[in-house]
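Those sequence lines, one after another, are chains A and B.
Here my numbering is used: the first residue of the first sequence is 1, the next is one more, and so on.
Here my numbering is used: the first residue of the second sequence is 1001, the next is one more, and so on.
What follows is a short report on a single structure.
Protein chains: 2
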Amino acid sequence: MRFELTILGSNSAIPANHRFPSAQVLNVMDRLYLIDCGEGTQMRMTEYQVRRNRIHQIFISHLHGDHVYGLVGLLTTMNLNGRKEKMQLFSPAGLREFLESQFFYSQVVLAYELEFHVVDDQRHQLLFEDGVVEVYSIPLEHRIPSTGFLFREKQRQRNIQPTAITEYGLSIPQIEAVKRGEAVTVADGRIIANASITLPPYRSRSYAYCSDTCYLPQLQHLLRGVDLLYHETTFLHDMVDQAVKTKHSTALQAATLARDAGVGQLLMGHYSSRYKELSPLLEEARSDFPNSVLGREGGQYSDAPEREAL
Amino acid sequence: MRFELTILGSNSAIPANHRFPSAQVLNVMDRLYLIDCGEGTQMRMTEYQVRRNRIHQIFISHLHGDHVYGLVGLLTTMNLNGRKEKMQLFSPAGLREFLESQFFYSQVVLAYELEFHVVDDQRHQLLFEDGVVEVYSIPLEHRIPSTGFLFREKQRQRNIQPTAITEYGLSIPQIEAVKRGEAVTVADGRIIANASITLPPYRSRSYAYCSDTCYLPQLQHLLRGVDLLYHETTFLHDMVDQAVKTKHSTALQAATLARDAGVGQLLMGHYSSRYKELSPLLEEARSDFPNSVLGREGGQYSDAPEREAL
């Protein structure tokens, strides 16, 4: 029952120090969601064995090149590999035009459908849901319209005790009903209370992606209790003036937000290429929020262990 | 006195088998010329320590993504790195619009000038010259307008014998005149014949880039005697029907052209991702033109040794 994030690119604008532009894949029970798509994302996917045919939704935070220049190549490769399934894309306005002009000049005609969803970067709202997650926008503030994404696993089903199935001779429809929390009437007419044959569902997990953005303390309400928070940490706090000017965040600011929102873990990234070594960024974040970790290419992160809600 | 080609990407459309989309750098006496720019070219440049501030001309064969999707990222990174020098771009029509639409949606404003030169893909003509090379177009035939590029080193100066400088007390202007092939009148009035104090210039070298294209036997005249010929070898000849249909070439066809043109060496590339192992392509080419080599990422090639023209 996976809920796992893989970092494909951890750097900010300039690829450097063996770090690449922003891209991540969230795996929720083997459904993959791509978040941002900097140049070279398709190569990173190959390197980390990301199964791209399991991706049906791509979430783009904003149209700066280090978050989107890999998208046209990825979509084209998917086409050459015979993709037929629709791809849904969520982003601030302009992504359709941005992609279509590239396809036009390269004379690419996709054999599958792109379904564009324009995200209002000023609002927090439900963007998408499927059988396993709901995805909400997070209003960010950057030099161009930018949105974050909040992934919330859906309420999961109760866990039926395997012995109950044989003991009461439950049918498949009965098992499904029990998983939904219903009582069940067995062959001899007895009504079996749901709680007597089930365990509570595993808790639902959550992941928030906040990049690129300046420090927005008001996000603490929206991010309250999120299991894993990715927040950009472009600079050390001694460059806070530069962060304010370019509408980025410092490691300390991200940690402060993580602490104030009471998240499980802070995942750092979008490092300025000026930092060859990242440990000073990590130390700075941990000074305010100890459960901070550095996102690194190929790293897999989950601060959402499957715990029963007791 | 370098004349050396570095392969940054050797594969065709889909990055696979640790091979990347097309890109090459030609180094002529430390001036660098970039030829094609598939996705990830800037990362390959970092990997192979290509000094990108020495690039002032970029040559794009055609606008298919595997030859151009890395360009916007490279130009943006150059901008972030503070580039101020003009960049000249040579390509079939559409490159300006292709790039400008991407800059528009990403809100990138370059601090340096892009100078676009539209290449007529139907003609062989001089596109560019500087102090060391002349670059000509090579008309190719592909599914969209596509041009090759022929780099010819300029006629080099005669080599003055160092002993002559002291023996005759030559001034700097006199040395320059001698290098240009002139006679010189020395202090005591004697006229010194040029041939008596110089050696012939090193021979000029040449490189031709032909990708993407179907097999064009008529190119043999244009490519006559070229030192190093890069010609696409997308398929083995058992797939010649597919090559004809997609307007690509087979290894055998490239070798036949290399042989008929009497080039020094054939450099292969633009391999279909279906070929995990490339040795069958090499064997096929060598069956018709023994001096064929496989282009590989990071490989450096020069079949133009500095020989004196005796």
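Glycine included, every Cβ here is placed at the ideal spot set by N, Cα and C.
From the beta carbon of A/Val72, is the nearest beta carbon of chain B less than 7 Å away? Yes - at least one Cβ of chain B is within 7 Å of the one on A/Val72.
With distances taken between CB atoms, is the gap from B/Leu1005 to B/Ala1023 smaller than 7 Å? Pairing B/Leu1005 with B/Ala1023 gives a Cβ-Cβ distance that is not under 7 Å.
Whole-Å CB distance - A/Cys37 paired with A/Leu63, under 8 Å assumed: Wrong, their Cβ atoms sit about 11 Å apart, outside the cutoff.
Look up B/Pro1217 in the DSSP assignment and say whether it is helix, strand or coil. coil
Where the beta strand (DSSP E) through A/Ser206 begins and ends: 206-210
In the structure shown, what three-state DSSP assignment does A/Phe289 receive? coil
Could you name the residues of the same chain whose beta carbon sits closer than 7 Å to that of B/Gly1181, not counting the 5 residues immediately before and after it, in chain order? Cβ within range, chain order: Arg1158, Asn1194.
Per DSSP, B/Ala1093 is paired with what? Paired residues: none, contrary to the question.
Restricting to Cα atoms, I'd like to know which of B/Pro1139, B/Val1132, B/Arg1156, B/Ser1279 is closest to B/Asp945. Residue 945 of chain B cannot be examined here, being either before or after the span of chain B that is shown, 1001 to 1310.
List, in chain order, every chain A residue whose beta-carbon is nearer than 9 Å to that of B/Ala1013. Thr76, Thr77, Leu80
Closest Cα partner of A/Thr246 within the set A/Asn11, A/Tyr136, A/Thr213, A/Ala16: A/Thr213
Measure how close the beta-carbons of B/Phe1235 and B/Ser1273 come, nearest whole angstrom, since I'm counting them as under 8 Å. Their Cβ separation, rounded to whole angstroms, is 11 Å, which puts B/Phe1235 and B/Ser1273 out of contact at 8 Å.
Short of 7 Å in beta carbon distance, which residues of its chain neighbour B/Glu1085, apart from the five on each side in sequence? Order them along the chain. So the qualifying residues of the chain are His1056, Tyr1112.
Using alpha carbons as the reference points, say which of A/Glu39, A/Arg259, A/Asp30 lies closest to A/Arg54. A/Asp30
Since A/Leu150 and A/Ser206 are thought to touch, with beta carbons under 8 Å apart, how far apart are those beta carbons, to the nearest angstrom? At roughly 7 Å, the Cβ-Cβ gap stays under 8 Å, so A/Leu150 and A/Ser206 are in contact.
Under 8 Å Cβ-Cβ, which residues of chain B neighbour A/Met1? None at all; the shortest Cβ gap to chain B is about 32 Å.
Assign B/Ser1022 to one of three DSSP states: helix, strand, or coil. coil
What residue range is occupied by the uninterrupted beta strand (DSSP E) comprising B/Tyr1168? Looking at the DSSP string, B/Tyr1168 is not in any beta strand (DSSP E); the run it does join, the alpha helix (DSSP H), is 1162-1168.
If you draw a straight line from the C-alpha of A/Ala309 to the C-alpha of A/Leu199, how long is it? Bear in mind that the predicted position of A/Ala309 carries a pLDDT of just 40, short of 50, making it too unreliable to give a figure here.
Buried or exposed, going by whether 16 or more other CB atoms sit within 10 Å of the CB of A/Arg19? buried
Could you have a look at A/Ile7 and say whether DSSP puts it in helix, strand or coil? Judged by DSSP in its simplified three-state form, A/Ile7 adopts strand.
Return the chain-ordered ranges of every beta strand (DSSP E) run that is complete within the region 242-284 of chain A and spans a minimum of 3 residues. The qualifying runs are 265-269.
Excluding the 5 residues preceding and the 5 following A/Tyr168 in the sequence, name in chain order all residues of the same chain whose CB lies nearer than 7 Å to its CB. Within the same chain, Cβ atoms closer than 7 Å to the Cβ of A/Tyr168 are found at Val186, Ile192, the five residues on either side in sequence being excluded.
At the 7 Å Cβ level, is B/Gln1107 part of the contact set with chain A, yes or no? yes
How long is the line joining the alpha carbons of B/Ser1061 and A/Ala258, rounded to whole angstroms? 49 Å
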